[in-house]
Amino acid sequence: MVTRPAIERVRGVYVLVDDDPRWRNDVRAQLEGALSGGAAVVQLRLKHLGDGDALSLAREARRRAHEAGALLFVNDRFDLALLAGADGVHLGQDDLAPERLPADARARLLVGLSTHTLEQVRESRARPVDYVAFGPVFGTASKTSEYAPRGLDRLREAVALAGRPLVAIGGISAANAPDVRACGAVAAALISAIADASDPAEATRYLGALLLGSPPGRS
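Under the working numbering, think of the first position of the sequence shown as 24, with each following residue one higher.
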């Protein structure tokens, strides 16, 4: 029987691997860098690939993630997550509602939900999700958002309100990662900090140490 992984494994660095061609690093470079650098979670955000290529990449990513001891999540698509044998699916406010996931998806996948306001965080407490993401905490160029940056005070309130693990997202970098950690977020979702890094593995490693409370020296 396939069982869902423990939610406690979502901690530290949570890397969104994005197939947008504007990034310095393509999806495989992002994936390999994140896993080599010790990311706890990699989430595939595949908006530009066809279904066949997306499934092939997702299966490859699952194999690599599990070899590295990491979890693989898929953005939006529970069908792709199930076919690839992923560990979770992450849903946005405008995606399929968590309540409408089929029973096999709920049984096999961890489910995350994006939130952008304290009211959405409050409402998520009654929804069938395992963790919430909250943001954007800071300004970000990686994704257009109708929401202004929430800031650290709102992040701290969201953590207290969520009643479950909370992942911070939006504009997180080495400069603010310790503050994000101090607010109580279990992990930080990173996009441009890895996708645009000259050395994705080193960037992942360094940010992970900051988020887990033991910053190393730069190599």
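Note that beta-carbon positions come from the ideal geometry of N, C-alpha and C, so glycine has one too.
Could you compute how far the alpha carbon of residue i sits from the alpha carbon of residue j?
{"i": "Leu178", "j": "Asp127", "result": "33 Å"}
{"i": "Asp74", "j": "Asp42", "result": "13 Å"}
{"i": "Ser242", "j": "Glu146", "result": "Residue placement at Ser242 cannot be trusted, given a pLDDT of 46 that sits under 50; what the coordinates show is reported in the next sentence. Cα to Cα, the separation comes out at about 44 Å."}
{"i": "Phe161", "j": "Ala77", "result": "30 Å"}
{"i": "Val190", "j": "Asp202", "result": "13 Å"}
{"i": "Pro159", "j": "Ala171", "result": "7 Å"}
{"i": "Asp99", "j": "Leu124", "result": "11 Å"}
{"i": "Ala185", "j": "Arg150", "result": "11 Å"}
{"i": "Thr140", "j": "Ala156", "result": "11 Å"}
{"i": "Val209", "j": "Pro188", "result": "6 Å"}
{"i": "Val144", "j": "Leu175", "result": "15 Å"}
{"i": "Val97", "j": "Glu90", "result": "17 Å"}
{"i": "Val65", "j": "Leu80", "result": "13 Å"}
{"i": "Leu119", "j": "Leu133", "result": "15 Å"}
{"i": "Gly135", "j": "Ala109", "result": "13 Å"}
{"i": "Ala87", "j": "Glu55", "result": "The question names Ala, yet the displayed sequence has Arg at residue 87. Cα to Cα, Arg87 sits roughly 8 Å from Glu55."}
{"i": "Phe101", "j": "Leu95", "result": "12 Å"}
{"i": "Val50", "j": "Ile214", "result": "11 Å"}
{"i": "Gln53", "j": "Arg45", "result": "13 Å"}
{"i": "Leu105", "j": "Glu31", "result": "21 Å"}
{"i": "Leu11", "j": "His113", "result": "Nothing in the structure corresponds to residue 11, since the chain is present only between 24 and 242."}
{"i": "Ala107", "j": "Leu234", "result": "29 Å"}
So is residue i buried or exposed if we call it buried at 16+ other beta carbons inside 10 Å?
{"i": "Ser137", "result": "buried"}
{"i": "Arg228", "result": "buried"}
{"i": "Arg131", "result": "buried"}
{"i": "Ala205", "result": "exposed"}
{"i": "His71", "result": "exposed"}
{"i": "Gly111", "result": "buried"}
{"i": "Gly236", "result": "exposed"}
{"i": "Ser221", "result": "exposed"}
{"i": "Gly92", "result": "exposed"}
{"i": "Arg85", "result": "buried"}
{"i": "Arg173", "result": "buried"}
{"i": "Met24", "result": "Any reading at Met24 needs caution, since the residue's pLDDT is 43, under 50, leaving its predicted position unreliable; the model's value is listed next. That one is exposed."}
{"i": "Ala183", "result": "exposed"}
Determine the closest residue to residue i out of the options, with distance taken between C-alpha atoms.
{"i": "Asp17", "options": "Ile30, Arg47 and Arg27", "result": "Residue 17 cannot be examined here, being either before or after the span of the chain that is shown, 24 to 242."}
{"i": "Ala224", "options": "Ile30, Val38 and Ala181", "result": "Val38"}
{"i": "Gly115", "options": "Val36, Ile192 and Glu55", "result": "Ile192"}
{"i": "Arg148", "options": "Arg86, Pro121, Val50 and Arg129", "result": "Pro121"}
{"i": "Glu169", "options": "Asp117, Ala84 and Ala212", "result": "Asp117"}
{"i": "Pro249", "options": "Ile214, Leu213 and Tyr154", "result": "Lying outside 24 to 242, the shown extent of the chain, residue 249 is not represented and no answer is given."}
{"i": "Val152", "options": "Arg129, Thr163 and Glu142", "result": "Arg129"}
{"i": "Thr163", "options": "Gly207, Glu142 and Ala212", "result": "Ala212"}
So, using beta-carbon positions, are residue i and residue j closer together than 9 Å?
{"i": "Arg82", "j": "Ala63", "result": "no"}
{"i": "Ala200", "j": "Leu230", "result": "yes"}
{"i": "Ile217", "j": "Ala57", "result": "yes"}
{"i": "Arg68", "j": "Val36", "result": "no"}
{"i": "Gly60", "j": "Ala197", "result": "no"}
Check whether chain B comes within 9 Å of residue i, counting only Cβ atoms and requiring the distance to be less than that.
{"i": "Ile30", "result": "Protein chain content of the structure displayed is limited to a single chain, and chain B is not contained in it."}
To test your reading of the DSSP string, which unbroken beta strand (DSSP E) runs of 3 or more residues are found completely within the region 197-231? 210-213
Unbroken alpha helix (DSSP H) runs of length 4 or more, entirely within the region 85-172: which are they? 101-107, 126-131 and 141-147
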